[in-house]
Amino acid sequence: MNDQHWGPTISADIVVIGGGTAGIGFVASLLKRDPSLNITVIEPSAEHYYQPAWTLVGGGAYTLEDTVRPMSSVMPRQATWLQASVTDIAADRQYLTLDDGRTVGYQNLIVCPGLRLAWEKIEGLQEALGQHGVTSNYSYRHAAYTWELVKGLRGGKAIFTQPPIPIKCAGAPQKALYLSCDHWLKSGVLNKIDVEFNLAGAALFGVPTFVPPLMKYIEKYNARLAFTSNLIKVDGPAKAAWFEVKDAAGNVTVEEKPSICCTSCRRRLLRISSGKAPWPTPPAGAK
Ligand SMILES: Cc1cc2nc3c(=O)[nH]c(=O)nc-3n(C[C@H](O)[C@H](O)[C@H](O)COP(=O)(O)OP(=O)(O)OC[C@H]3O[C@@H](n4cnc5c(N)ncnc54)[C@H](O)[C@@H]3O)c2cc1C
3 MNDQHWGPTI
13 SADIVVIGGG
23 TAGIGFVASL
33 LKRDPSLNIT
43 VIEPSAEHYY
53 QPAWTLVGGG
63 AYTLEDTVRP
73 MSSVMPRQAT
83 WLQASVTDIA
93 ADRQYLTLDD
103 GRTVGYQNLI
113 VCPGLRLAWE
123 KIEGLQEALG
133 QHGVTSNYSY
143 RHAAYTWELV
153 KGLRGGKAIF
163 TQPPIPIKCA
173 GAPQKALYLS
183 CDHWLKSGVL
193 NKIDVEFNLA
203 GAALFGVPTF
213 VPPLMKYIEK
223 YNARLAFTSN
233 LIKVDGPAKA
243 AWFEVKDAAG
253 NVTVEEKPSI
263 CCTSCRRRLL
273 RISSGKAPWP
283 TPPAGAK
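Residue numbers for the sequence shown follow our numbering, beginning at 3 and rising by one.
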């Protein structure tokens, strides 16, 4: 905002940027303690998404429609909802600028804009997603496609990926693998599928206590682990993916992992759990 700004058009004691899980949960908690608080939530989306359930949609255990609700139905009644995006924060003068030109003054500011998924950081990914057997549970648009692919795979190769932190949910990439393998095991086709889990990090899970129990499932599903292997490029039509692989000495090489489908293979599955670090990134306008 420029120096000609004369003052905010709207004022609130507490302003919350973002009506996602954090924003709505925080506002509900505050209002439970003191219903008289003057709170304004700034959120552009008319829909509120329950993102953790996208993992279950990809595993065939939840319907996509049940993961979305009207924002108006989850917004606490005592709060004022401004349906707009914040484009600028003038912290020194305690006001925000919205994308519709309005300005909002605040006494206290809570910033909950979530993380932006930077699909563009992996070459070819945006073009490939949702077709050619390339999918991601991190996207409302593609979680159902994951289940379609899982159901359709009868043999061949399934590549799962986990990028470097920051990621939205440390468990989500693995849950996709376990749910998929469980379905293939129950369907009697797991022994015809070559399952590979590429992790950018050097451990199956960041908290050591969880590693042994998780390893039992990796062994049960006969999944191959590829550590320090980070997805950098996808070619959907060619059904190939490229990874930056770091060895113990720190040398980095680029490795292509092509489709090695067996004859009974109907599809090959490449499940992208997220992009290249730093991924995700803060949403534009709210850095
Ligand atoms: C596939 C998947 C599985 C997951 N599994 C789990 C799990 O099992 N357990 C778990 O605890 N967590 C899980 N998570 C993570 C969890 O969903 C997130 O941590 C949570 O949604 C974060 O809440 P948030 O409010 O910070 O962000 P979000 O829920 O993303 O909400 C951010 C909101 O801010 C709004 N916004 C963005 N920019 C602006 C702006 N400039 N102005 C105003 N508003 C803006 C957006 O429109 C959005 O509504 C999972 C996530 C995914 C994707």
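Idealized CB from N, CA, C, for every residue including glycine.
{"Query": "Give me the Cβ distance between residue 42 and residue 56, rounded to the nearest whole Å; I'm assuming they're in contact under 8 Å.", "Result": "Actually they are not in contact, since the Cβ atoms of residue 42 and residue 56 sit about 29 Å apart, beyond 8 Å."}
{"Query": "Quick check on the DSSP output: the alpha helix (DSSP H) that includes residue 169 runs from which residue to which?", "Result": "Note, residue 169: premise wrong, no alpha helix (DSSP H); not H, not E."}
{"Query": "Starting from the C-beta of residue 268, find all residues in its chain whose C-beta is less than 6 Å away, skip the five residues before and the five after it, and write them out in chain order.", "Result": "Model confidence at residue 268 stands at a pLDDT of 34, short of 50, so the residue's coordinates are unreliable and nothing is read from them."}
{"Query": "With a cut-off of 8 Å on the beta carbons, I'd call residue 243 and residue 236 a contact; round off their distance for me.", "Result": "5 Å"}
{"Query": "Let me confirm a value: residue 137 is counted as buried when at least 16 other C-beta atoms fall within 10 Å, else exposed. Which label applies?", "Result": "buried"}
{"Query": "Which residue comes first and which comes last in the beta strand (DSSP E) that contains residue 83?", "Result": "82-84"}
{"Query": "Can you find the residues in the same chain that come closer than 6 Å, C-beta to C-beta, to residue 11, ignoring five residues on each side of it along the sequence?", "Result": "104, 105"}
{"Query": "Taking residue 249 as the reference, which of 202, 78, 24 has the closest Cα?", "Result": "202"}
{"Query": "What's the call for residue 222, buried or exposed, on a 16-neighbour Cβ count within 10 Å?", "Result": "exposed"}
{"Query": "By DSSP's criteria, residue 51 is part of a beta bridge. Which residues make up the other side?", "Result": "70"}
{"Query": "For the stretch 89-100 and the stretch 205-221, state whether three or more C-beta atom pairs, one from each stretch, are separated by less than 8 Å.", "Result": "no"}
{"Query": "Rounding to the nearest angstrom, what Cα-Cα distance links residue 73 and residue 29 in this structure?", "Result": "14 Å"}
{"Query": "DSSP three-state call for residue 201: helix, strand or coil?", "Result": "strand"}
{"Query": "For ligand 1, any of its heavy atoms closer than 8 Å to the Cβ of residue 115?", "Result": "yes"}
{"Query": "Within 10 angstroms of its Cβ, does residue 45 collect 16 or more other Cβ (buried), or is it exposed?", "Result": "buried"}
{"Query": "Could you tell me the boundaries of the beta strand (DSSP E) in which residue 242 lies?", "Result": "242-248"}
{"Query": "Around the C-beta of residue 190, are 16 or more other C-beta atoms found within 10 angstroms, so that it is buried, or is it exposed?", "Result": "exposed"}
{"Query": "If distances are taken between C-alpha atoms only, which option among 22, 200, 143, 258 comes closest to residue 166?", "Result": "200"}
{"Query": "Thinking C-alpha only, which one of 75, 81, 21, 49 is nearest residue 36?", "Result": "81"}
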